[in-house]
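Have a look at the structure below before the remarks.
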Amino acid sequence: MNDQQQSRADALTAHDALAAIETFEIVGDNNDSREPNAEDRFLLTEFVAHLFGGFRVEVPEARATSANETGAEGAAGFAHELWAAAQLAPSEGIEDGVQRIAAILSHPCAMAAAEPNGAVRAYGVFRTRFDENDGKEFFYHANWHNEYLPQEGERIVEGWFVPAMAAAAPTDEQAPDRARDKEIEQLIDERDSFECMGTALAEKVAELFGIDVGEWSSANNPIFRAIHIVEDEIARAAASPAAEDRHYSAKDVGSRCANCGHALTDHDGGRTCPSSAPQPAQASPAAAIPAGWKLVPIEPTEEMIAVGVGKGDADFYGDPLVKAEVRSDYQSMIAAAPQPAQADAQDVPADDLVGFVYVLENPDRPHDPITRFSRGPRSVKGLGAKIISLTPVYSRPAQADAPAEAREPLNEVLFGNDESLEMAADALDRLGQNSAAEGVRAIAYELRMLATKRGTPADAGEARLTDEHILDAFRNAGVDLNATPNMAYTVRGQQAQLVNAVRALLNGADHDR
Numbered sequence: 001m002n003d004q005q006q007s008r009a010d011a012l013t014a015h016d017a018l019a020a021i022e023t024f025e026i027v028g029d030n031n032d033s034r035e036p037n038a039e040d041r042f043l044l045t046e047f048v049a050h051l052f053g054g055f056r057v058e059v060p061e062a063r064a065t066s067a068n069e070t071g072a073e074g075a076a077g078f079a080h081e082l083w084a085a086a087q088l089a090p091s092e093g094i095e096d097g098v099q100r101i102a103a104i105l106s107h108p109c110a111m112a113a114a115e116p117n118g119a120v121r122a123y124g125v126f127r128t129r130f131d132e133n134d135g136k137e138f139f140y141h142a143n144w145h146n147e148y149l150p151q152e153g154e155r156i157v158e159g160w161f162v163p164a165m166a167a168a169a170p171t172d173e174q175a176p177d178r179a180r181d182k183e184i185e186q187l188i189d190e191r192d193s194f195e196c197m198g199t200a201l202a203e204k205v206a207e208l209f210g211i212d213v214g215e216w217s218s219a220n221n222p223i224f225r226a227i228h229i230v231e232d233e234i235a236r237a238a239a240s241p242a243a244e245d246r247h248y249s250a251k252d253v254g255s256r257c258a259n260c261g262h263a264l265t266d267h268d269g270g271r272t273c274p275s276s277a278p279q280p281a282q283a284s285p286a287a288a289i290p291a292g293w294k295l296v297p298i299e300p301t302e303e304m305i306a307v308g309v310g311k312g313d314a315d316f317y318g319d320p321l322v323k324a325e326v327r328s329d330y331q332s333m334i335a336a337a338p339q340p341a342q343a344d345a346q347d348v349p350a351d352d353l354v355g356f357v358y359v360l361e362n363p364d365r366p367h368d369p370i371t372r373f374s375r376g377p378r379s380v381k382g383l384g385a386k387i388i389s390l391t392p393v394y395s396r397p398a399q400a401d402a403p404a405e406a407r408e409p410l411n412e413v414l415f416g417n418d419e420s421l422e423m424a425a426d427a428l429d430r431l432g433q434n435s436a437a438e439g440v441r442a443i444a445y446e447l448r449m450l451a452t453k454r455g456t457p458a459d460a461g462e463a464r465l466t467d468e469h470i471l472d473a474f475r476n477a478g479v480d481l482n483a484t485p486n487m488a489y490t491v492r493g494q495q496a497q498l499v500n501a502v503r504a505l506l507n508g509a510d511h512d513r
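Mind the numbering: the sequence shown is residues 1 to 513 in the UniProt record's numbering, read in order.
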């Protein structure tokens with residue numbers, strides 16, 4: 001490469017490169033594997049001129065012709081060769097076509113074989129117009145033919161185009177640049193590959209933890225977002241090392257955790273929820289459940305309701321009605337249940353157990369169950385009927401934290417001996433309706449304990465029992481006043497005689513009656 005060629009190569013600007021690319025795209029659009037016409041050759045020559053930083057016109061000492069073709073034929077053949085080199089395959093880019101054209105121009109062709117430095121014959125057009133280039137003459141374009149009719153102020157010159165790269169064969173000076181370009185290309189490929197794999201990994205992390213990592217943008221990097229998620233989970237696990245994973249059977253019908261919705265993963269023969277490690281605020285151990293207690297849901301499940309309905313008579317009341325009643329009863333019991341902190345106050349020593357109250361099915365009157373009392377556990381065979389419910393009966397001592405009540409001395413005549421108790425039980429037995437003797441005795445025992453607790457000073461008036469006290473005695477004896485719709489009515493109505501007799505008996509009436 002001589003000094004003039006080097007200066008032309010150095011003169012290549014971004015504008016020239018852009019013009020070359022735009023011209024090449026036009027060539028590509030017109031390229032349909034046909035023979036290039038005059039317009040095509042003009043565009044292709046203009047591309048070559050832009051590509052190599054300008055167009056050099058020289059007057060050759062001799063015309064270059066081959067042995068069998070004229071100069072015009074040689075020019076057309078060379079143009080066709082460049083035209084074919086400009087064709088791009090579907091997988092190629094513009095740089096592929098440029099490299100092929102540069103390779104052609106770097107070797108002597110049929111027409112330029114006699115010329116040094118691979119010069120190519122062409123025709124240049126110079127333009128002089130008052131509205132361009134301050135009226136000075138400037139090079140306008142070059143083409144491969146001399147059929148161009150110049151406009152006013154233009155002139156055509158014939159010469160040889162010597163590409164700036166034509167004489168520059170690959171040298172050791174260019175090796176570092178090629179190595180650098182190759183390294184940059186490799187780094188770009190690796191970056192694209194890692195970005196593709198990182199994006200796939202980020203999507204998997206997002207699916208695993210149920211968290212959106214977002215889309216690629218100038219303000220968001222899904223890969224970094226996924227890394228932060230994983231690091232946060234590791235930190236949570238380290239903060240609560242004693243936490244155990246939730247394991248699920250391989251037979252799980254779902255693929256996501258029922259508690260948090262995260263996707264389950266296969267681990268140790270089961271399926272594990274990855275978010276099972278509790279948050280730092282959740283790392284404290286769960287409160288211990290007192291003995292004799294059990295955690296139950298506030299709202300009954302369908303299975304619980306089904307069991308409750310099975311204890312009643314759905315055929316009589318209708319299944320929806322029974323379900324509604326069971327749900328209502330359950331909610332009432334939950335609302336009335338003591339808190340775990342009160343569990344100690346509810347504990348009763350085993351030696352204070354009086355017996356058991358059984359509520360049994362009544363085959364003759366399905367809606368009027370039978371209540372039986374037994375001092376010891378009984379089997380279904382021994383009771384002779386299906387057990388609906390079983391309630392232990394205790395002689396409950398006064399609550400330790402209850403305020404002390406002033407009591408009158410216990411009426412030993414009435415309550416201080418078993419004979420009086422039996423007499424009261426006999427009276428209840430005679431007045432009771434559809435009540436087993438053992439159940440009546442249980443009621444009498446509860447009434448005795450109730451009367452003992454509710455004693456008042458002698459000067460405060462005579463100790464009295466109210467209707468509510470009597471109903472409490474029935475409840476304490478295990479009689480479910482809500483077992484059937486008419487149970488409370490039965491207690492208040494049909495058994496009014498029983499209630500009145502018991503009240504009179506415990507308030508000092510003649511218990512021999």
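For every residue, glycine included, the Cβ atom is placed at its ideal position computed from N, Cα and C.
With the cut-off set at 9 Å, would you say residue i and residue j are in Cβ contact?
i    : j    : result
G198 : A226 : yes
A206 : I223 : no
Any idea which residues DSSP pairs residue i with across the strands?
i    : result
F373 : V357
R100 : For R100, which the question treats as bridged, DSSP gives no partner whatsoever.
P392 : F356
N220 : S217
I387 : L360
Mind reading off the beta-carbon distance from residue i to residue j? Whole number of angstroms is fine, and I expect it under 8 Å.
i    : j    : result
V326 : I298 : With a Cβ gap of about 15 Å, V326 and I298 do not count as contacting.
P369 : I388 : 6 Å
With 16 other CB atoms within 10 Å as the buried threshold, where does residue i fall?
i    : result
G355 : buried
A202 : buried
A85  : buried
R372 : buried
G53  : Residue placement at G53 cannot be trusted, given a pLDDT of 49 that sits under 50; what the coordinates show is reported in the next sentence. Result: buried.
P300 : buried
F209 : buried
P366 : exposed
L187 : exposed
L360 : buried
V393 : buried
G384 : exposed
G97  : buried
Q399 : Unreliable positioning characterises Q399 in this predicted model, as indicated by a pLDDT of 47, which lies under 50. The coordinate reading is nonetheless provided below. Exposed.
E303 : exposed
V213 : buried
V296 : exposed
E190 : exposed
V357 : buried
Kindly examine the ligand ZN and report whether one of its heavy atoms sits closer than 8 Å to the Cβ of residue i.
i    : result
G198 : The ligand ZN is not among the ligands present in this structure, which contains no ligands whatsoever.
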